[in-house]
Each structure stands twice: as C-alpha cells, then as structure tokens.
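Numbering (the UniProt record's numbering), first residue to last: 1 to 527.
What follows is the structure, given as structure tokens:
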C-alpha cells in the first residue's frame, strides 16, 4: 500500500523536526563521561540462576542471608556506575532473609514441601519502580510524584513474595514509562553495563541494567511497546512479554486507559532462561491454567519461521548487518541441529507497524472513552502540560521533564493525520495471517530492534525504532527476548521469539535451547 506524496512529505517534515530537536539537545546538553568498565563478577553465587539458588537455600548449602548479602554487595559495587536501583530496602531484605533461614531450620516436611509451596524461597528480586512495592517510591520518574510512596504491593509482587522472593529495591524507568531510554529528572539517567555511554533501553531500563550488570538475578517488568524486550536485548538478558490478560498489570503507574489493557503485559526478566518458566508460573497466579506451562515441548515438532526485517518502513530504520547475520545464524543452526526447515517470510503489513501501534494506542474503550492523554499524565490532575512551553523551559534548563517526554507530548499534539480505518484493516490482515501461521505449534524469529544499544539520547533522533517490538503488543502475541552473544562492539545481540496466543511455553522452550547454543548472558566486566 504505497504512501501518497503528501504522506511522504509529512514524514520527511516530521523526521526533520525530530532531527532539529536532537541537534538542540546536543547543543544544550553535556557530553557523557568517558566509558569505564564494570567490575567483573567475583562472587560465584552471582553466577547461579534463581532456580539453582533456591535449591541450594532449601538444601542448606547456602543461607538466604549469604545470597541476599552477595547481591547487596554487587549492587553497591555497580550501581554507582549504572544508576539502575533508585531506592533500596537492603536492611528489610536482610531481616527477611534471616527469617527464611529460620523457617528452613524449623521445617519438618522436607525440601519437596518447601519447593512446592515456596519455589523462590530466599531468592532476591528487583522490581520496576512503576509497580507498587510497599514502602518504596511509586513515581514512574515523574517529578510531581516525588513524594508518592506505595502503600500496598502490586498483585504481581504479592505473588512473587508469597513464593518466597525477597525484593531488594526498585529500579529506574523512562519518564511515565513511554520511551525506550530510562531517563527522568527525578532519578537521572540509567546506563548500559556493557558500555556506560549507551542506553539500557526502556521503560524497564533499570531492571535491564541491574540484571545485565549481575546486580540482580530475577526481576519484574512491564511492556506495552517493547518495555521488557528492548532492555533485555540491550543488556543481554532474557525477558518474556506474556500473552495479554494472563499476568496482572494492576497497581502500575501510569494507569492504562482506552484499549491499552489489550496491549500491556507484565512479565519476568532474568539472566538465565531456566528461570523464565517458574517465574511465569508464579506471576500468572489464578490464570496459570490458561497456559500450557507444564507441557513438554519437542522442538523438532515445531514449525519455524523467520522474518529478517519489517519490509522497509519509512518510520523505523533498516536492521543492521550484524543483527541480520546473527538471525541467519540462528536459522542455520536450527536447521542443522534440529533437522527442521525454517521458512522465510515476508509480510507486507509489517512495514506499517508504527502506524498500527500509534493508531491502536489512542483508540477509545468499549464505552467510547478515549485514553488519558500523555500531556495530562505529565501535569497535575486537570492541568495538562503544554509541550511547546515545556520545550522553551527545557532550553532554559527550567523544565521538570526530559526531552523524551516533551517529544512524546509534541508528537501527541502534532499527530499526523491518517486513516484509522486503514490502520485497523492492516492490523486485522496481519493478525489473521500470523494467527493462522503460528496456531498452536508455530514459532517466529523476528528482530528485536534495528541496531544494538545506541548512545545516550540517540532515540530522540530515531523515535520509531521500537516498532519491531511494539507491533507484537498490538497483535497480542507472546514473545521471549533471547540474547545471542556479543557483537562487533562488545554489545549484546539478540532476537525475538514469537508464538501464537497462549502458547507462551513454546517460546520459553526455544529460549532455553538458544541459551545452550549461543551462551546466554555474558559478564560485562569480563570483556
């Protein structure tokens, strides 16, 4: 479906405008500090999965206090570099770990009883700051919410704590969780453990950064356009965007509205693939029966597909050669090792991913009520911010908002005119094709992003590169982000593994396979 000359002119003008904003940002911003290497991991406890740690704690081979203290020490070592954990609860966590050790000493039912009842007993956990964690800030990086403290735990956090996990603190996000760089004027900017001059992604960038830097072993993220998968990709870890409606998204800020509940997913983030499934079993809570997580997966019986790029969108950038090459390498290995045939696909509608995501995010709910505007969320209740004024204030160093948030507000106010019905038709056609293609036994490989982790603030110049992840939110498909080693610049490579709705167990199985094949997470300090 070719674009008209007017549409092409609008796109060109918009890109030029964003480019102008980026040049302004460079003019008024300081240059980042010189790159320093993160300290390598020295404590062997930090190199064990949550599953292995829980087993050792249950067997009294190591105490929960020792494990929690090891992670506290690591956070204190790397967080000055990363600025990932924005508020800790170390003292409370050590007290809870001591209670765990006492419980294990007094348990008479044996290890099996503990494993069944408390599968994550004594294991430390990090939590995205946009989820409510009792006693912790709950701001989503908004300066006007700086005094807001969570009074309750989000349902998802409750489930993980009931399973025995011990939260260590909360991690940074992008402002209002609507950008793929984690930067705000409340906590500052979070850095990538593999290169401190690069971004960790967003909006779950604090989670991605502290996990990638071995300051956490498991964490919690949310995803409405790639907010789990982009940080996992940039930081070389695993993450899973669940089928929507399975894992609770309650007690998050900002609240969802319009039809956004259809696209938002909460899910696990971790360094080791074997932790994805047990975490999802816990996080799904009463909805776990909707998934087939206990079903054994025979990879040789799956149907594999690969799409190397979106087909040439005028909004997002082309996929880099090294990411095309690593996806091709995955295809070749699957065919050689499993004896499967990976079918190469081209779905023309994918090149409209940006337009589809943008259209569906602003659709009204079933009662005709539109979603809350981003500029309203930026301001006080009933007093939305005016992004043009905030831009002028930012240029004078007086705005409470980041350039990213101001840019989102500007895009909202100057949204290009487009046909909503056309975007809906494109989405429905793509949905029909992929639902039929993937069904109950299909798996798709698709790029996570056009390039590896960029330099700080660079997304302002390429704001639509999230479309590779965002389209999967609108389609409602489960996706596991898988690391595939390090590239030419020592930065993580990766790929999205997509399956049909409620077939989350398939992508989790492929993730475990790819970890064994490509090595999974790498210690950034050991480069």
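Cβ coordinates follow ideal geometry from the N, Cα and C atoms, glycine included.
So the candidates are 132, 187, 242; which of them puts its Cα closest to the Cα of residue 469? Within the chain shown, residue 469 is the residue found at index 469, counting from 1. Closest option to residue 469, Cα to Cα, is 242.
For residue 342, which of 319, 372, 307 has the nearest alpha-carbon? Residue numbering aside, residue 342 sits at position 342 when the chain shown is read from its first letter. It is 307 whose Cα lies nearest to the Cα of residue 342.
Beta bridge counterpart(s) of residue 269 as assigned by DSSP: Within the chain shown, numbered from 1, the residue matching residue 269 stands at position 269. Looking at the DSSP assignment, residue 269 forms a beta bridge with 219, 239.
Got a sec? Which residues, its chain only, sit under 8 Å from residue 158 by beta carbon, not counting five neighbours each side? Residue numbering aside, residue 158 sits at position 158 when the chain shown is read from its first letter. Result list for residue 158: empty, nothing under 8 Å.
In chain order, each beta strand (DSSP E) run of at least 3 residues that lies wholly inside the stretch 406 to 459: 442 to 446
Please report whether the beta-carbon of residue 432 lies at a distance below 8 Å from any beta-carbon of chain C. The structure shown contains no chain C; it is built from a single protein chain.
Work out the CA separation of residue 327 and residue 274 for me, nearest whole Å. To locate residue 274, count along the chain shown from 1; it is residue 274. To locate residue 327, count along the chain shown from 1; it is residue 327. So the alpha carbons of these two residues sit roughly 22 Å apart.
What separation, rounded to the nearest whole angstrom, lies between the Cα atoms of residue 270 and residue 125? Numbered from its first residue, the chain shown carries residue 270 at position 270. Numbered from its first residue, the chain shown carries residue 125 at position 125. Going by the C-alpha atoms only, they are around 10 Å apart.
Endpoints, beta strand (DSSP E) assigned at residue 88: Your numbering for residue 88 matches position 88 in the chain shown. Looking at the DSSP string, the run of the beta strand (DSSP E) that includes residue 88 is 85 to 88.
Start-to-end residues for the beta strand (DSSP E) that takes in residue 512: The residue given as residue 512 occupies position 512 in the chain shown. Element bounds for residue 512: not the beta strand (DSSP E) but the alpha helix (DSSP H), 504 to 518.
Nearest-angstrom Cα separation, counted from residue 298 out to residue 196: Stepping through the chain shown from its first residue, residue 196 is reached at position 196. Stepping through the chain shown from its first residue, residue 298 is reached at position 298. Taking the straight line from one Cα to the other gives about 40 Å.
Evaluate residue 34 with the Cβ neighbour count: other Cβ atoms within 10 Å of its Cβ, from every protein chain shown; 16 or more gives buried, anything less gives exposed. What you label residue 34 is simply residue 34 of the chain shown in a count that begins at 1. For residue 34, the predicted structure reports a pLDDT of 49, less than 50, and the residue's modelled location is therefore unreliable. A value from the coordinates is still provided. So residue 34 counts as exposed.
Residue 379 versus residue 163: straight-line alpha-carbon distance, rounded: Here the question's residue 379 lines up with position 379 in the chain shown. Here the question's residue 163 lines up with position 163 in the chain shown. Straight-line Cα distance between these residues: approximately 38 Å.
According to DSSP, residues forming a beta bridge with residue 246: Counting from one through the chain shown, the residue named residue 246 turns up at place 246. Answer is none; residue 246 lacks a bridge partner.
Nearest to residue 279 (by Cα), restricted to the options 221, 363, 340, 395: One-based indexing of the chain shown puts residue 279 at position 279. When only C-alpha atoms are compared, the closest one is 221.
Along the chain, where does the alpha helix (DSSP H) containing residue 494 start, and where does it finish? In the chain shown, the residue the question calls residue 494 occupies position 494. From DSSP, residue 494 is part of no alpha helix (DSSP H) but of the beta strand (DSSP E) over 492 to 499.
Give me, in chain order, the residues of the same chain whose beta-carbon lies closer than 7 Å to that of residue 254; leave out the 5 immediate sequence neighbours on both sides. Residue numbering aside, residue 254 sits at position 254 when the chain shown is read from its first letter. Excluding residues up to 5 positions away in sequence, 140, 176, 177, 377 lie with their Cβ nearer than 7 Å to the Cβ of residue 254 in the same chain.
Quick check on DSSP: helix, strand or coil for residue 471? In the chain shown, counting from the first residue as 1, residue 471 sits at position 471. DSSP places residue 471 in helix when its eight states are reduced to three.
Taking the alpha carbon of residue 285 as the reference point, which residue from 314, 316, 247, 45 has its own alpha carbon closest? Counting from 1 along the chain shown, the entry for residue 285 is found at position 285. The shortest C-alpha separation from residue 285 is found at 247.
I think residue 40 touches residue 525, with their Cβ atoms under 8 Å apart; what is that distance to the nearest whole Å? The residue given as residue 40 occupies position 40 in the chain shown. The residue given as residue 525 occupies position 525 in the chain shown. Right, the Cβ-Cβ distance comes to about 3 Å (below 8 Å), so this counts as a contact.
List the whole-angstrom C-beta distance separating residue 238 from residue 483, where the pair is believed to meet the contact cut-off of C-beta under 8 Å. The residue labelled residue 238 in the question sits at position 238 within the chain shown. The residue labelled residue 483 in the question sits at position 483 within the chain shown. Confirmed, Cβ separation roughly 7 Å.
Skipping 5 residues on each side, what residues in its chain have a beta carbon closer than 6 Å to that of residue 75? Locating residue 75 in the chain shown gives position 75, counting from the first residue. Excluding positions up to five away in sequence, the list reads 85, 215.
Measuring straight from C-alpha to C-alpha, what distance separates residue 181 and residue 213? Indexing the chain shown from 1 puts residue 181 at position 181. Indexing the chain shown from 1 puts residue 213 at position 213. Near 17 Å, if we compare the C-alpha coordinates of residue 213 and residue 181.
Between the stretch 93 to 112 and the stretch 222 to 230, do at least 3 Cβ pairs fall closer than 8 Å? no
Tell me whether residue 281 sits in a helix, a strand or coil according to DSSP, three-state version. What you label residue 281 is simply residue 281 of the chain shown in a count that begins at 1. Note: residue 281 maps to helix in three-state DSSP.
Rounded to whole angstroms, what's the CA-CA distance from residue 580 to residue 490? Just pull it up for me. Residue coverage of the chain in this structure runs from 1 to 527, which leaves residue 580 outside it and unanswerable.
What number of angstroms, rounded off, separates the C-alpha of residue 495 from the C-alpha of residue 453? Within the chain shown, residue 495 is the residue found at index 495, counting from 1. Within the chain shown, residue 453 is the residue found at index 453, counting from 1. Looking at the two C-alpha atoms, the distance is approximately 13 Å.
Identify the residues that DSSP records as bridge partners of residue 183: which are they? On the chain shown, position 183 is the one that residue 183 refers to. According to DSSP, residue 183 bridges with 189.
Could you pull out every residue in the same chain whose Cβ sits closer than 6 Å to the Cβ of residue 266, ignoring the five residues on either side in sequence? Along the chain shown, one-based indexing puts residue 266 at 266. Non-local beta-carbon contacts of residue 266 in its own chain, meaning distances under 6 Å to residues more than five positions away in sequence, involve 156, 222, 247, 249 in chain order.
Helix, strand or coil for residue 128 per DSSP? Counting from one through the chain shown, the residue named residue 128 turns up at place 128. Strand at residue 128.
So, for residue 462: in the same chain, excluding its five sequence neighbours on each side, which residues have a beta-carbon less than 7 Å away from its beta-carbon? Along the chain shown, read from residue 1 onward, the residue named residue 462 stands at position 462. The residues are 317.
Rank 331, 363, 165, 384 by C-alpha distance to the C-alpha of residue 303 and give the top, closest one. Translated into the one-based positions of the chain shown, residue 303 becomes position 303. The candidate whose alpha carbon is nearest that of residue 303 is 331.
Cβ atoms of residue 497 and residue 443: under 8 Å apart, would you say? If you number the chain shown from 1, residue 443 lands on position 443. If you number the chain shown from 1, residue 497 lands on position 497. Yes, the Cβ-Cβ distance between residue 443 and residue 497 is below 8 Å.
Determine whether the beta carbon atoms of residue 475 and residue 347 lie at a separation below 8 Å. Taking the first residue of the chain shown as 1, we reach residue 475 at position 475. Taking the first residue of the chain shown as 1, we reach residue 347 at position 347. No, these two residues do not count as a Cβ contact at 8 Å.
Suppose contacts are defined by Cβ-Cβ distances below 8 Å. Is residue 529 in contact with residue 172 by that definition? Residue 529 lies beyond the range of the chain shown here (1 to 527); nothing can be said about it.
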